[in-house]
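Residue numbers (our numbering), protein chains in the order written: chain L, 18 to 501; chain W, 2 to 259.
These notes concern the structure reproduced below.
Right, here's the structure in full:
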């Protein structure tokens, strides 16, 4: 048998001299991933260090940072690069996702951070990105500057590989130093990126740390959240809530908790020619990362039409999921996931017995399940993730309103297959109901650069806007030595 | 599994990876003793051998031989003769080292005829040499079988890999002619014709756009897996195909359906 590989991950700032412990994560009999682990003392030392060295990243130009991030991304896009190979080799072992899903998912995700895309991130949040370099004339008079939060703290989730890169790179772009806690479910990718980025731009080598600490360790968490200027927390609502309670009221808190996303398919996308392609894209959103991302659909709303019945749509979607299962196998479920899937299927079966028009399609091995529900009013829990989905018909888009209102606080992405004639009207409706991202069907798991995650500004959250008002400028003239 | 091929000795060429490796495993599961021919990758061939030896009735033995080298083929056949004294079937799968790069493939007007000739030499000549050398063993008994692995690009060149596709066309013609010639001598010769098989070493770097091109036109909506091809090979080696010779079986999800 091949020997177990030991890889030291995470990232500690290059010149940090303090002591810290390490922790090993074992992934089967194949890989041990060793990460820096913080306790109360080491977290205080590390936070003090990052604060003290913030000047280094602060003095770099955004252009320089973009150049370094772009170089790092290009290395990780290069199939021959040793770290790309390492990621491709180990991410399937760590996360359980299919190798093909990882390979394709990683490439398309990393491409979101190439230089031209990073400029899009900047433009999405700043009318004039030069405010990151210094005071710039403001539209309403005076001057304005985007001052980086010295140290941002990120608590990442591990549901989707490399997810942490989004906030890590966002903070970096606006010159905020970062301390990030990786999830035990995917502790590899952000550390690997940080390491490579620090090599590429030595001026960034003391600007971040990618580490681990045990969630719930009171003293460590109090120290870190108390010293950080902003805390971004990803995870289920319970985890995020626990973190929120420990963050001081004076510290900016960015909660990214549980979400519900959905797809909407118009009748026009279901004619005999288009239906194959439409359902292929619908299935792609379900299959990639087994709906573990907040942006993955849990329910598909299908407009009633003359071409094809809801049951037929459900059956064809099920067939597509079966084909995709052969191409991109679903990951092994935990015991808890399996039992909640069984429970959901059981509920669908009861509903089926009660109502003739509902129908359940389920794979023999439980690798996917499609539940067709004609009556939107009876839609309960739409799915239980891991390739389970409800397909629900509607005659008029307004019929979605009751369901959306019930879910309003957790709504996020809507994937649409809709003709131009309906696109804006339906988008207005969905935006009104609380949807914060609308994209094409098949693209749900790949937000575009500059995405306003849960309706927030990705970059803006890591800076503090500073106004230099007109009055100060005016008085400056008064006191100027060169004034006649 | 079954005992369909129990006690039979079957040579699979190019069996250290991809279709060949999967075929070897599949045949062993059905009781065959598989001779795993490979070119260079000893470690991988050894792994296939191990897998074959772990089956209930089947077994495996790996043996290196460059199929483009007549002397090496001769040595291999001699070794088989010495070790087993019999050969019940051949799966001719050895791949010719062709770079499947759809985006950068050459236009035919840039290809010198020598390259077509070289492709045919690498694709067809090894089968000719192998059949000549093994004929004595194959015709010693009734119902010996030869299965040739071709490509559906011959019938439908959805991607025009010119030298490769023309070489495979010659291979298919060679197989059909041999079927007629050897039928009365107790040897059946059939061809398995896969579409794009993914993942294999040959398609590992195939761009997604090429895969999508094939996929979009495939009625069964997915690409072939090595297992799909191995199943068709098994059929031609099994008694279930005992009255079939000179036939082609397309394993491409219906892409070449006419």
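All residues carry an ideal CB built from backbone N, CA and C; glycine is no exception.
In chain order, what residues of the same chain have a beta carbon less than 8 Å from the beta carbon of residue i, not counting five sequence neighbours either side?
| i | result |
| --- | --- |
| residue 207 of chain L | 173, 179, 181, 182, 185, 197, 199, 227 |
| residue 169 of chain W | 124, 151, 152, 154, 155 |
| residue 490 of chain L | 159, 160 |
| residue 230 of chain L | 54, 55, 56, 60, 198, 237, 238, 241 |
Thinking C-alpha only, which one of the options is nearest residue i?
| i | options | result |
| --- | --- | --- |
| residue 232 of chain W | W:64, W:92, W:68, W:74 | W:92 |
| residue 206 of chain W | W:250, W:216, W:104 | W:104 |
| residue 182 of chain W | W:45, W:114, W:247, W:223 | W:247 |
| residue 271 of chain L | L:283, L:254, L:282, L:287 | L:254 |
| residue 398 of chain L | L:424, L:449, L:48, L:69 | L:424 |
| residue 134 of chain W | W:10, W:188, W:156, W:79 | W:79 |
| residue 222 of chain W | L:251, L:129, L:497, L:293 | L:293 |
| residue 447 of chain L | L:419, L:462, L:470 | L:419 |
| residue 144 of chain W | W:127, W:11, W:216 | W:11 |
| residue 280 of chain L | L:313, L:249, L:252, L:307 | L:313 |
| residue 238 of chain W | W:147, W:201, W:57, W:177 | W:147 |
| residue 576 of chain L | L:338, L:94, L:275, L:316 | No answer is possible for residue 576 of chain L: it lies beyond the span of chain L, which begins at 18 and ends at 501. |
| residue 439 of chain L | L:128, L:346, L:286 | L:286 |
| residue 244 of chain W | W:51, W:190, W:8 | W:190 |
| residue 156 of chain L | L:487, L:467, L:452 | L:487 |
| residue 417 of chain L | L:211, L:437, L:449, L:400 | L:449 |
| residue 194 of chain W | W:200, W:16, W:172, W:40 | W:172 |
| residue 28 of chain W | W:176, W:132, W:60, W:14 | W:60 |
| residue 58 of chain L | L:348, L:38, L:44, L:464 | L:38 |
When the Cα atoms are used, what is the spatial distance from residue i to residue j?
| i | j | result |
| --- | --- | --- |
| residue 1 of chain W | residue 6 of chain W | It is not possible to answer for residue 1 of chain W, since the shown part of chain W is limited to 2 through 259. |
| residue 385 of chain L | residue 430 of chain L | 21 Å |
| residue 48 of chain W | residue 67 of chain W | 19 Å |
| residue 73 of chain W | residue 46 of chain W | 17 Å |
| residue 321 of chain L | residue 137 of chain L | 38 Å |
| residue 245 of chain L | residue 221 of chain L | 18 Å |
| residue 114 of chain L | residue 458 of chain L | 22 Å |
| residue 496 of chain L | residue 169 of chain L | 38 Å |
| residue 33 of chain L | residue 215 of chain W | 53 Å |
| residue 309 of chain L | residue 50 of chain W | 39 Å |
| residue 131 of chain L | residue 187 of chain L | 13 Å |
| residue 460 of chain L | residue 209 of chain W | 16 Å |
| residue 215 of chain L | residue 204 of chain L | 18 Å |
| residue 176 of chain L | residue 21 of chain W | 37 Å |
| residue 112 of chain L | residue 305 of chain L | 13 Å |
Just to confirm my understanding: we take residue i, look at its own chain, exclude 5 residues before and 5 after, and list those with CB closer than 7 Å. What are they?
| i | result |
| --- | --- |
| residue 140 of chain W | 186, 187, 188 |
| residue 11 of chain L | In this structure chain L extends from 18 to 501, so residue 11 of chain L is not present and cannot be described. |
| residue 261 of chain W | In this structure chain W extends from 2 to 259, so residue 261 of chain W is not present and cannot be described. |
| residue 75 of chain L | 165, 192 |
| residue 243 of chain L | 265 |
| residue 127 of chain L | 90, 93, 94 |
| residue 436 of chain L | 283, 285 |
| residue 376 of chain L | 328, 331, 369, 389 |
Who are residue i's beta bridge partners in DSSP?
| i | result |
| --- | --- |
| residue 197 of chain L | L:171, L:227 |
| residue 24 of chain L | L:50 |
| residue 430 of chain L | L:454 |
| residue 63 of chain W | W:37 |
| residue 162 of chain L | L:483 |
| residue 41 of chain L | L:51 |
| residue 225 of chain W | W:198 |
| residue 203 of chain W | DSSP, once it has assigned bridges, lists no residue as partnering residue 203 of chain W. |
| residue 273 of chain L | L:251 |
| residue 154 of chain L | L:160 |
| residue 90 of chain W | W:11, W:146 |
Starting from the C-beta of residue i, find all residues in its chain whose C-beta is less than 6 Å away, skip the five residues before and the five after it, and write them out in chain order.
| i | result |
| --- | --- |
| residue 109 of chain W | 163 |
| residue 269 of chain W | Past the edges of chain W, shown from 2 to 259, lies residue 269 of chain W, and the structure says nothing about it. |
| residue 474 of chain L | 142 |
| residue 470 of chain L | none |
| residue 108 of chain L | 119, 178 |
| residue 117 of chain L | 345 |
| residue 250 of chain W | 193, 233 |
| residue 146 of chain L | 139 |
Taking a cut of 8 Å between CB atoms, which residues from the region 342-362 of chain L lie near chain W?
-> In summary, the residues of the region 342-362 of chain L whose CB is separated from some CB of chain W by less than 8 Å are 343, 344, in the order they occur in the chain.
With 7 Å as the limit, tell me which residues of the region 9-29 of chain W have their beta carbon closer than that to any beta carbon of chain L; keep them in chain order.
-> For the region 9-29 of chain W, no residue has a beta-carbon sitting nearer than 7 Å to a beta-carbon of chain L.
Output, in sequence order along the chain, the residues in the region 225-256 of chain W whose CB is closer than 9 Å to any CB in chain L.
-> Those residues of the region 225-256 of chain W that come within reach of chain L (Cβ to Cβ, closer than 9 Å) are 226.
Using a beta-carbon distance cut-off of less than 8 Å, what residues from the region 115-140 of chain L approach chain W?
-> Going along the region 115-140 of chain L in chain order, one finds 117, 121 with a Cβ nearer than 8 Å to chain W.
For the region 74-105 of chain W, which residues have a beta carbon sitting closer than 7 Å to at least one beta carbon of chain L?
-> Of all residues in the region 74-105 of chain W, none has a Cβ within less than 7 Å of some Cβ in chain L.
Looking at chain W, which residues of the region 51-83 of chain L have a Cβ within less than 8 Å of any of its Cβ atoms?
-> Answer in chain order: no residues at all.
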